[in-house]
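Participant:
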Amino acid sequence: MPRTHNDRQPDTVSSMDEFVTTYETTIRLAAFFGVFLVMAVWEVLAPRRTLTQPKTTRWLNNISLVVLNTVLLRLLFPAAAVGMAALCSARQWGLFNQVATQDWLSVVASVIILDGVIYLQHIMFHAVPAFWRLHRVHHADMDFDVTTGARFHPVEIILSMLIKFAAIILLGPPVLAVVIFEVLLNATSMFNHGNVRLPLWADRYLRLLIVTPDMHRVHHSHLEHETNSNFGFNLSLWDRLFGTYRDQPEDGHINMIIGIDTWRDPAHCVMLPGLLLLPFNGKAGDYAINRRTWKHGK
Ligand SMILES: [Zn+2]
Ligand SMILES: [Zn+2]
197 MPRTHNDRQP
207 DTVSSMDEFV
217 TTYETTIRLA
227 AFFGVFLVMA
237 VWEVLAPRRT
247 LTQPKTTRWL
257 NNISLVVLNT
267 VLLRLLFPAA
277 AVGMAALCSA
287 RQWGLFNQVA
297 TQDWLSVVAS
307 VIILDGVIYL
317 QHIMFHAVPA
327 FWRLHRVHHA
337 DMDFDVTTGA
347 RFHPVEIILS
357 MLIKFAAIIL
367 LGPPVLAVVI
377 FEVLLNATSM
387 FNHGNVRLPL
397 WADRYLRLLI
407 VTPDMHRVHH
417 SHLEHETNSN
427 FGFNLSLWDR
437 LFGTYRDQPE
447 DGHINMIIGI
457 DTWRDPAHCV
467 MLPGLLLLPF
477 NGKAGDYAIN
487 RRTWKHGK
C-alpha cells in the first residue's frame, strides 16, 4: 500500500490544504478583484492599443456574462474543482493519491500538468466545429482587454469544468495545487488579455516563462494562421514545445485587426443576447479542423 497524502502526519502542505479549503472562495474572490483592479488601472494609465468599440457598453456586456457564468457554476457545481480534489483525496483516486511523492513535488507537478491540459483543451475548442461555435464568443470580441479574458460562453465554461473534473480524477492533485491553479489561471487570463503596455525587454524575458499580453494578442488576430498560435494561458512552454508558438503579429500590435472577419456586427459581438446566441447563429464557418483546405505555395 503506497504511502499517500492521507497516511502522513499533519505537515505544512496538509495544514495549507485545510486553510485553502476553508477560505477558498475568499482567496479566489480577493485574487480576482485584486488582479482585475490592477489591470483596469494599468489599461487606463498605459494602454497598448486604442479600443475600437465604446468601452462602457463592451464592459457592461462582458462583465454581465462573467456574472452569469459565476452564478451558473456555483449553482451547478457548488464544490467546484477544489471539492473534486478533496473527494479524490478522500477516496484515494488519481495518480498523486496512489504514488508516494514529496508534497511540494506533487503540488508543482499538478499545477504544470493541469496547465498542459488547459492548453490541449483550448486547441480542441478551436479544432472541433461544435466547440469552435462556443469558443468563437471569446474570439468575436473586437477589442482585446482584461474583460476579454473572462468572456466565455456559459456552455464552454461548463464543459471546461467537466474536463477539469476528469483531469483531477485521473491526476489526484493536492487540494492546494487546485486552488493555486485556479487562482493562477484566473489571474494570468486577466493579465495576458490586458490592453497594457509592457516594456519590450520585459515582455521578452517574461514570455520565456509565462504568456504575456503581446503573446496572447497574436491568438486574437483576424488572420487564421495567427489565431492558430499561442494557445497557452499560463505557461508559454506548451506553445514552444508543441510548435504553436508565434512571436509577433504580421501587422504589428497597433495595426492588427482583433476578432473574426465574419463576425463584426456589435449586435452579435458586443451585446449579451447576441453573445449567448452566437454559437447557434449561422454556420460553423470554414475555420474548424475539417473545413480547412490545403493551401499550396505558402
Ligand atoms: Zn482561442
Ligand atoms: Zn484569449
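Throughout the sequence shown, residue numbering follows my numbering, covering 197 to 494 in sequence.
Backbone N, C-alpha and C define an ideal beta-carbon position, used for all residues, glycine too.
(1) Please report how far the alpha carbon of L497 lies from the alpha carbon of G345, in whole angstroms.
(2) Applying the 10 Å Cβ sphere with the 16-neighbour rule, what's the burial state of I450?
(3) Could you pull out every residue in the same chain whose Cβ sits closer than 8 Å to the Cβ of V278, ignoring the five residues on either side in sequence?
(4) Quick check: what's the CA-CA separation for L271 versus P350?
(5) Quick check: does the Cβ of G455 come within less than 8 Å of any heavy atom belonging to ligand 2?
(6) Helix or strand or just coil, what does DSSP make of L402?
(7) So, at 7 Å on beta carbons, what are the nonlocal neighbours of E239 in its own chain, with the 5 sequence-adjacent residues on each side left out?
(8) What residues match up with L268 in a beta bridge as DSSP calls it?
(9) Restricting to runs no shorter than 4 residues, where is the alpha helix (DSSP H) found entirely within the segment 414-465?
(10) Can the beta-carbon of Q444 be found less than 9 Å from the beta-carbon of V414?
(11) What does a CB cutoff of less than 8 Å around P198 pick up in its chain, not counting 5 residues either side in sequence?
(12) Whole angstroms are fine: how far does the CA of L431 sit from the CA of R442?
(13) Would DSSP call M197 helix, strand or coil?
Facilitator: The short version:
(1) Coverage of the chain is limited to positions 197 through 494, which leaves residue 497 absent and any answer about it impossible.
(2) exposed
(3) V216, T217, E220, V371, V374, V375 and E378
(4) 13 Å
(5) no
(6) helix
(7) D341, V342, G390, N391 and V392
(8) None; L268 has no bridge partner.
(9) 420-423, 433-438, 448-451 and 462-465
(10) yes
(11) Bear in mind that the predicted position of P198 carries a pLDDT of just 45, short of 50, making it too unreliable to give a figure here.
(12) 14 Å
(13) With a pLDDT of 39 at M197, under the threshold of 50, the modelled position of this residue cannot be trusted; read the value that follows with caution. Coil at M197, not helix or strand.
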